[in-house]
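Engineer: The structure's right below; bear with me while I get my questions together.
Chains as they are written, first to last, in our numbering: chain A, 1 to 429; chain B, 1001 to 1245.
Here is the structure:
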């Protein structure tokens, strides 16, 4: 089994823990000194970073949530002055406050290393051609994949998303061996191949690295069969790096989380208490090496469990189970995280008031579709059909523009849906 | 090879090292950089048993060496070159080296001691020329070389170097650092190097720790530390103009 960084990926447990303790102490000392938010939090609970003398004690510290990041928008969570930040990514959507992450030169370097570890684990090497079919600009993913693929020595074709038939042409002509995309787009490619009569043997594809959308095992099977590839899962968060936070090796036995850079914990999403190894709960990550944007106990919202046993691929870092559930009602689709409140804000902007609404996610023809159901009330009642149609069109246009892809909008009568549910996810895993 | 876990040290009531953890792998040069009074030398003195450790553990090859007497550590293969070239000035170079090798003489006899001294002369040819001179009459660079040679006499596996470049001319610093990295490459010597001259130290080191008031605030490979703006600002003396602006 090929390892990009044998020394760091296969160190034994005692070594990992020593390194984690050192880096955790250093990170806490740095955020206490440089980030006002954390200094404030630590003072409130009377905690001095130099008092931390064991990894277990980390669970006494408060959690960081997405709300904290929004409250400190835009630069409040940065641990270095802006002049040391060389890249800022602000991709995910909220009307007033997008998610922001900053990178120093060293952060970018580390991201490249992590992605190189990911791609090498999958099997990508110097002779491979990596086609990145992710939307540049909308998500952080493609930047990281590009850095990592270039670091590992592979040739990179950044083609962005969309236009499957054009992508297939590139794939055939340039003999792409590795496809990096969201899984539903890969399914779309497979169907386009069928419709234009292209066979998978005309392509040189060997690997598929997919992520940023939940995709069940049967989908993996059908992708592997139709494209003749080994399909592996990759996990990441915009707030941390993007991809490169965890990945599958060809053993497909959980996603390796690089513990020399991140400290993972599992908590109960309701009581917020730490869970034992192996129990299911919400993933909480502390970054150990990030310079510009360190996060202490960040709640990812993803439900998973940790396995600390050594993988058959010899990598010693622990693995998290594939993620299909969330602890909040954030929808992960088409490579984005959509918080229902963001849709509410768009609706509010159009109506001057937030109507009752529900988001319905469905997977139709291997593509995720979002339906926004808006309840008619006295305020949103139209006596003329024309006015009503215009209203729906406006909603549809604004929402689609906001998300960057087609959204369906439906006006429904009061009582059609349960108000306590903001999101109905009908995708089957 | 060496592992410090949550080490705490005090100078009477002053808490100098606060939960300090670090590690050094076999065959690595690890440097500890930081401003004056950060606790770098105290860290070294705590490792070699010259300063008491109040809390925490120090392991050398998984043996607990916390607060062990210094002479026992020499037998385990640890050597310490303290700050300020602690040599015996009224004695000759040869005598100094013989003193450095007292353990060899005790265990292996005179022949072996002679051989070891010859090896040191090969490493630092200038010392051979000066062998009958009093150590106090040597130049600063030569005294530093002698101090290192004395520590190397017992063939340690692990050496603690405290500010070898202090008060030396740049050319001599380069020579001393060249010897250190040569020793690492040829004999697999492991080095924990404390330096004010962060730039020179990071150039030969594999990894580095940045210390501030008894705490570690950064652990990175040496190359990243050289690129780290925070380190540049504070310890490499660059980027000054912009701060003043």
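Glycine is no exception: its CB is placed at the ideal position from the N, C-alpha and C atoms.
What does residue 108 of chain A reach in chain B if we use C-beta pairs closer than 9 Å?
Structural biologist: Neighbours of residue 108 of chain A on chain B: none; closest Cβ ~11 Å, over 9 Å.
Engineer: So that I know if they touch, is there some Cβ in chain A lying closer than 7 Å to that of residue 1001 of chain B?
Structural biologist: no
Engineer: Rounded to the nearest angstrom, what separates residue 1031 of chain B and residue 405 of chain A at their Cα positions?
Structural biologist: 52 Å
Engineer: Just tell me which of A:284, A:269, A:259 and A:298 has its CA closest to the CA of residue 13 of chain A.
Structural biologist: A:259
Engineer: Since residue 327 of chain A is in the beta strand (DSSP E), which residue starts that stretch and which ends it?
Structural biologist: From DSSP, residue 327 of chain A is part of no beta strand (DSSP E); its letter is neither H nor E.
Engineer: Taking only three categories from DSSP, how would you classify residue 53 of chain A?
Structural biologist: coil
Engineer: For the alpha helix (DSSP H) containing residue 117 of chain A, list its first residue and its last residue.
Structural biologist: 105–122
Engineer: Please state whether the Cβ-Cβ distance between residue 1195 of chain B and residue 1033 of chain B is less than 7 Å.
Structural biologist: yes
Engineer: What distance in whole Å lies between the Cβ atoms of residue 1158 of chain B and residue 1190 of chain B, which are believed to be in contact at a cut-off of 8 Å?
Structural biologist: 5 Å
Engineer: Closest to residue 1076 of chain B by CA distance: which of B:1065, B:1228, B:1012 and B:1131 is it?
Structural biologist: B:1065
Engineer: Taking only beta-carbon positions, decide if residue 36 of chain A is within less than 7 Å of chain B.
Structural biologist: No, residue 36 of chain A lies away from the interface with chain B (no Cβ there is under 7 Å from its Cβ).
Engineer: DSSP state of residue 270 of chain A, grouped into three classes?
Structural biologist: Note: residue 270 of chain A maps to coil in three-state DSSP.
Engineer: In the structure shown, what three-state DSSP assignment does residue 352 of chain A receive?
Structural biologist: Secondary structure at residue 352 of chain A: coil, using DSSP grouped into helix, strand and coil.
Engineer: On the three-state DSSP scale, how would you describe residue 1153 of chain B?
Structural biologist: Coil at residue 1153 of chain B, not helix or strand.
Engineer: Where does residue 1100 of chain B fall in DSSP's three states?
Structural biologist: In the three-state scheme derived from DSSP, where H, G and I count as helix and E and B as strand, residue 1100 of chain B is classed as helix.
Engineer: Could you give the first and the last residue of the continuous alpha helix (DSSP H) run that contains residue 1014 of chain B?
Structural biologist: From DSSP, residue 1014 of chain B is part of no alpha helix (DSSP H) but of the beta strand (DSSP E) over 1014–1024.
Engineer: What number of angstroms, rounded off, separates the C-alpha of residue 1102 of chain B from the C-alpha of residue 21 of chain A?
Structural biologist: 39 Å
Engineer: Could you tell me the alpha carbon to alpha carbon distance between residue 247 of chain A and residue 317 of chain A, rounded to whole angstroms?
Structural biologist: 11 Å
Engineer: From residue 1214 of chain B to residue 234 of chain A, what does the alpha carbon distance come to, in whole angstroms?
Structural biologist: 39 Å
Engineer: For residue 289 of chain A, which residues in the same chain have their Cβ closer than 7 Å to its Cβ, ignoring the five residues on either side in sequence?
Structural biologist: 23, 110 and 261
Engineer: The beta strand (DSSP E) spanning residue 1079 of chain B covers which residue range?
Structural biologist: 1078–1081
Engineer: Taking only three categories from DSSP, how would you classify residue 185 of chain A?
Structural biologist: helix
Engineer: What's the call for residue 1020 of chain B, buried or exposed, on a 16-neighbour Cβ count within 10 Å?
Structural biologist: buried
Engineer: Going by beta-carbon coordinates alone, are residue 130 of chain A and residue 159 of chain A separated by less than 7 Å?
Structural biologist: No, the Cβ-Cβ distance between residue 130 of chain A and residue 159 of chain A is not below 7 Å.
Engineer: Rounding to the nearest angstrom, what Cα-Cα distance links residue 1221 of chain B and residue 341 of chain A in this structure?
Structural biologist: 42 Å
Engineer: Kindly indicate the opening and closing residues of the alpha helix (DSSP H) around residue 1111 of chain B.
Structural biologist: 1110–1123
Engineer: May I ask you to list the residues that DSSP assigns as paired with residue 256 of chain A?
Structural biologist: A:247 and A:319
Engineer: For the beta strand (DSSP E) containing residue 1215 of chain B, name the first residue and the last one.
Structural biologist: Membership of residue 1215 of chain B in the beta strand (DSSP E) is indicated by the continuous run 1215–1221.
Engineer: Hey, could you find the ends of the beta strand (DSSP E) residue 1031 of chain B is sitting in?
Structural biologist: 1029–1034 is the extent of the beta strand (DSSP E) around residue 1031 of chain B.
Engineer: Is the region 205–220 of chain A touching the region 170–184 of chain A, taking contact as three or more C-beta pairs under 8 Å?
Structural biologist: yes
Engineer: Look at the alpha carbon of residue 1119 of chain B and the alpha carbon of residue 1134 of chain B, and state the distance between them as a whole number of angstroms.
Structural biologist: 20 Å
Engineer: By how many angstroms is the C-alpha of residue 89 of chain A removed from the C-alpha of residue 138 of chain A?
Structural biologist: 10 Å
Engineer: Between the beta-carbon of residue 267 of chain A and the beta-carbon of residue 291 of chain A, is there less than 7 Å?
Structural biologist: no
Engineer: Quick one: which residues of the region 68–89 of chain A get their C-beta closer than 7 Å to a C-beta of chain B? List them in chain order.
Structural biologist: Result list: 80 and 84.
Engineer: Examine the Cβ distances between the region 1002–1019 of chain B and the region 357–375 of chain A and report whether three or more of them are shorter than 8 Å.
Structural biologist: no
Engineer: Can you list, in chain order, the residues of the region 354–370 of chain A whose Cβ is nearer than 9 Å to any Cβ on chain B?
Structural biologist: none
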